[in-house]
Structure formats: C-alpha cells, structure tokens
Amino acid sequence: MTQSSANAATLDIAIIGAGPGGLSAAHALANRGFSVGVFEQAQVLRPIGAALGLAEQGYAALGDISPTLSKQVQARATNPQQQLLMRPSGEILFADESPMAGTSFTWLGWFNLQSCLYEMLPDSVKLYLKHSLIHFESEPLDAPIRLTFQDQPDQFARILVGADGYRSVVRNKTVGDGPPLYTGTMTWRGSLPRQALSPLAAPFIEGAGFQLIVGQQKNFWMMDAGAEQIAWGGTAPQVSPEKSESALETVLQVFEGWPPIVQKMILTTDPMSIIETGVFDREPVPQWGDGQRITLLGDAAHPIRPALGMGTTLAFQDAVTLAGLLEDVTMTDIPSVSDALMQYEQQRIEITAPLQKKAREQGLASHSDDQADRLKMGFEAALASRRK
Ligand SMILES: Cc1cc2nc3c(=O)[nH]c(=O)nc-3n(C[C@H](O)[C@H](O)[C@H](O)COP(=O)(O)OP(=O)(O)OC[C@H]3O[C@@H](n4cnc5c(N)ncnc54)[C@H](O)[C@@H]3O)c2cc1C
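Residues 15 to 402 (my numbering) are what the sequence shown spells out, left to right.
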C-alpha cells in the first residue's frame, strides 16, 4: 500500500473512511483488480482506547476477502478463557470457564484491527490521510465523481463508497436523514498495557479473562484484547450525548464506589486515550446511495447499537458482497454499475435492517435493573450446553 497526497488520475473506486469497513472494502475491491483510494480525515492512524469482539462470522467474512488477512487479525486477538460477572457491590454472580473458551470468538483492540488491515493493504491501494470529505459532485453522469476535501486538492473516481461512520457526510447527501439517533447511553472506553495492572487481586483474573460488573443500570467490562493489552469500557444512561470537559473525571464519577479495580483501571489509563462517545443508531432505510454510482458501507449504512457486537462483522460482510457484485462490471458502464450497487444495497439491507432493530431492543435491555441476573442465567446455560 502507498500513502499519497498528490492529485491522482481518476480512481475506479474512492472509499471515504479508513475504519474496519473502509479498509476491508479496499482489500476486497483491490483484490479484484480495481484501482482504489481510501480517504481518511485523521492526521495519523493512532492507537485509540477501544476493543471489540469478533466471532466466527466476522473471521469468515475476512477469510472471504483473504484467508491470510483473517489469520493475521486472529493472531492479534485473544480468546477469553475465563468469565467473571459481579454486581457493583462486589457480589460475585458467575466465576467460571468462559462459555466462549475454545470457540473462534475473540476480543481485539480496535487499533490492532485497523493497523493489521492497513499494514496488509495491497500496494495498489492508496491511503490519503488528512483528507476530510466535505462535498462531492456526481453530475454529469458520464464524468467522474468529483470529491472535495478540506484544504486538499480535489480527487476523482468512478464509484464513491461512503464508509465514513455513523455521522457519514456521504449519507447526509444521499439519504439525507439528518443526524444519527442518540440512544440515551454514553460510553467510555480505554486500554492499557496489562503489565501496568499486574498482579490483579482475586477474583479478577490474570490473562485471557472477560470480566463484567453490572448494576444500577450501568455496565463496566474489562477484557484481554490482544498481546499484553487490557481494554475496558463502561456504559451508563445519560440524558444528553454532550461530551464532558474531562472524560477521565466523568468516568471516574460515573463509576464512583464500584469495586476498586474499576477506579484503578481508569486511573492507570493515559487520559488522552480515553474515548467518550454517545451510542447512536438510525432507522433502517430502503436505499443507501444515489441509485447510480454512490453507496454506503459499514456504520455509515447501518449504524447498530453495540449490544450484539456485530458492527464490524456486518461491515466486513458488506465489503465481500460489494466486491463480489462489482467483479465483472466495467466502471464506465453506468447501468451495470447502478445495477450492481442496487443489488448490493438490497441484499445487505435485508440482513442488516432486522439486526439494527434487534440490537436496539437488546441495547435497551442491557440497562434494565435485572440485567445482571439475566446475564448470569445466560452464562450458566451457555456453559452447561457446552459441557454436555
Ligand atoms: C461501545 C462500542 C462497542 C462496540 N463493540 C463492538 C464489538 O464488540 N464488535 C463489533 O463488531 N463492533 C463493535 N462496535 C461497533 C464497531 O466499532 C463499528 O461497527 C465499526 O467500527 C464500524 O466500522 P466502520 O469502518 O463502518 O466505521 P468507523 O469505525 O466509524 O470508521 C469510519 C472512519 O471514517 C472516517 N471519517 C468520518 N468522516 C469522514 C470524512 N468526512 N472524511 C474522511 N474520513 C471520515 C473516520 O475518521 C473513521 O476512521 C462497538 C461500538 C461501540 C460504540
């Protein structure tokens, strides 16, 4: 892969956003011989404090893009061996082998995933950092799409894929459904070297554990998320998604009085790396793009509450479907391009729309008063069925 800031010839495909969705799509499309440019607003790709879960379906989709890529990502991830569930009072509800132990489910740092996808990009893909898309022009249809960025030269492409997350600029023009919907939940996330916390006092588990503290309509979790890295996150109901002046102070306050490990973990994290965001989703819509040469992918297309842990997997699957449908299409043949993009959207909307709704219901339930008890029953049932 190359990084570039020079004005280039017309690309077959411009992808906006170098998150898991944009980068996996770049792999899938470049592997089919298209010239691809990825335009990312960030100045640099830097470690940010978040971890995510990837299971069999996610690795299968990555494997469809490239078996080597799937293996490389898996090598940076950790399969949880132990599971702990407790209440904020310290009462232990479940402490046993993880129901996920030995399965293909893993936790991995968001940045580990992004950097692996980035480092393994084919040489034919150009990544343009510091490129924040502000506008695009898709008329006339027989000319390339003109992309306009903040303080950068314009770029041109035959197809535009908005993989620019839940506040997508591309979606704003193609769907025009306004800002994403705030779910009433704030989240704080961070990660730190495991060494910084060692040794962990019982009942907290050293290595390959997933530990949850649930109660008072809040959740706090900690997990091993790849080599030497431990990640944490917390969610709590909050009226407004306004960010606070200090994410550190706020998250310490939200989880005040919780088991001491929580405060210790937060205080040991580099405050600048703590991410504070609202949780957002959107209503599913019947079409994502302009019906001609522009479409959406990943969170830009179907932002989903994290309750199902499916966001990244769905983005990978989008990439596989899109690349497959474009495989034999000539970029200048607008009716064929349009037909492929419409088929892509229909196939993916059929799968993602019900999941967006399901994740919304489960997301609401995850802040209910009986969430800890329901999780305990779920872990016990899953482990019992595994041991049968
Ligand atoms: C608390 C929480 C926990 C989660 N846990 C999980 C989990 O366990 N498993 C899972 O699969 N998913 C999880 N997710 C969801 C997952 O993080 C997203 O689904 C995934 O990151 C979507 O990838 P994406 O590439 O579509 O979008 P993003 O990751 O949002 O990437 C979009 C990229 O576009 C860039 N961009 C935005 N606007 C512009 C612009 N105008 N110009 C140029 N670039 C732009 C951004 O800088 C960013 O790099 C979780 C999310 C949250 C909030």
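Ideal placement from N, C-alpha and C gives every residue a C-beta, glycine not left out.
Item, Value
"CB-CB under 7 Å to G2, same chain, minus the five flanking residues each way: which ones, in chain order?", "There is no way to answer for residue 2, as the model of the chain reaches only from 15 to 402."
"DSSP state of W121, grouped into three classes?", "strand"
"By a C-beta neighbour count over all protein chains shown, 10 Å radius and 16 as the cutoff for buried, is E290 buried or exposed?", "buried"
"Only counting the same chain, and skipping five residues up and downstream in sequence, which positions put a Cβ closer than 6 Å to that of G323?", "G67"
"With a CB to CB cut of under 7 Å and the five nearest residues on each side skipped, what residues in its chain are close to S118?", "A69, E70 and Y73"
"Out of curiosity, what's the CA-to-CA distance linking A386 and L226?", "9 Å"
"Work out the CA separation of L135 and P34 for me, nearest whole Å.", "12 Å"
"Alpha carbon to alpha carbon, how far is W272 from P255?", "23 Å"
"Can you say whether E54 is buried or exposed, counting buried as having 16 or more other CB atoms within 10 angstroms of its CB?", "buried"
"So, for Y196: in the same chain, excluding its five sequence neighbours on each side, which residues have a beta-carbon less than 7 Å away from its beta-carbon?", "P255, G292 and F294"
"What does DSSP give as the partner residues of A42 in its beta bridges?", "According to DSSP, A42 bridges with nothing at all."
"Return the first residue and the last residue of the alpha helix (DSSP H) that M286 is part of.", "Note, M286: premise wrong, no alpha helix (DSSP H); not H, not E."
"Three or more C-beta pairs closer than 8 Å, one from the segment 268-287 and one from the segment 152-162: is that the case here?", "no"
"By Cβ distance, which residues of its chain are closer than 8 Å to N21, with the 5 residues on each side in sequence left out?", "With a pLDDT of 48 at N21, under the threshold of 50, the predicted position of this residue should be treated as unreliable, and no value is reported."
"For A337, which residues in the same chain have their Cβ closer than 6 Å to its Cβ, ignoring the five residues on either side in sequence?", "A42, L43 and R46"
"Can you find a heavy atom of ligand 1 that lies under 7 Å from the Cβ of T55?", "Checking the sequence shown, residue 55 turns out to be Gln, not Thr. Within the cutoff, so yes."
"For the alpha helix (DSSP H) that contains Q360, what are its first and last residues?", "I348 to A379"
"Which whole-angstrom value is the C-beta distance of G325 and D313, which I expect to be below 8 Å?", "6 Å"
"Should P34 be listed as close to ligand 1, given that the test is whether its C-beta is under 7 Å from any heavy atom?", "yes"
"Just list the residues that DSSP pairs N233 with in beta bridges.", "V228 and T249"
"Could you tell me whether the Cβ atoms of V184 and L281 are closer together than 8 Å?", "no"
"In this structure, does DSSP put P167 in helix, strand or coil?", "strand"
"What does the Cβ neighbour count give for H145, buried or exposed, with the cut at 16 atoms within 10 Å?", "buried"
"Please classify Q360 as buried or exposed, where buried requires at least 16 other C-beta atoms within 10 Å of its C-beta.", "exposed"
"Could you pull the DSSP bridge partners for Q6 from this structure?", "There is no way to answer for residue 6, as the model of the chain reaches only from 15 to 402."
"Go ahead and pull the three-state DSSP assignment for D383.", "coil"
"Just list the residues that DSSP pairs W302 with in beta bridges.", "Answer is none; W302 lacks a bridge partner."
"Would you kindly work out how many angstroms separate the C-alpha atoms of G192 and A315, rounded to a whole number?", "13 Å"
"Determine the direct distance from the alpha carbon of D238 to that of G204, and round the result to whole angstroms.", "12 Å"
"In terms of alpha-carbon separation, which member of P113, A373 and P207 lies closest to P317?", "A373"
"Please return the same chain residues whose Cβ sits closer than 7 Å to the Cβ of G4, not counting the five positions on each side in sequence.", "Because the chain in this structure spans residues 15 to 402, residue 4 falls outside the shown range and cannot be described."
"In this structure, what does DSSP give as the bridge partners for D295?", "L195"
"For the beta strand (DSSP E) that I148 lies in, which residues bound it at each end?", "L147 to E151"
"As a quick exercise: from D137, S138, E133 and T162, pick the residue whose alpha carbon is nearest that of L147.", "T162"
"Measuring CA to CA, which of K402, S380, L389 and S399 is closest to M200?", "S380"
"Which value, in whole angstroms, describes the spacing of the CA atoms of L122 and A64?", "9 Å"
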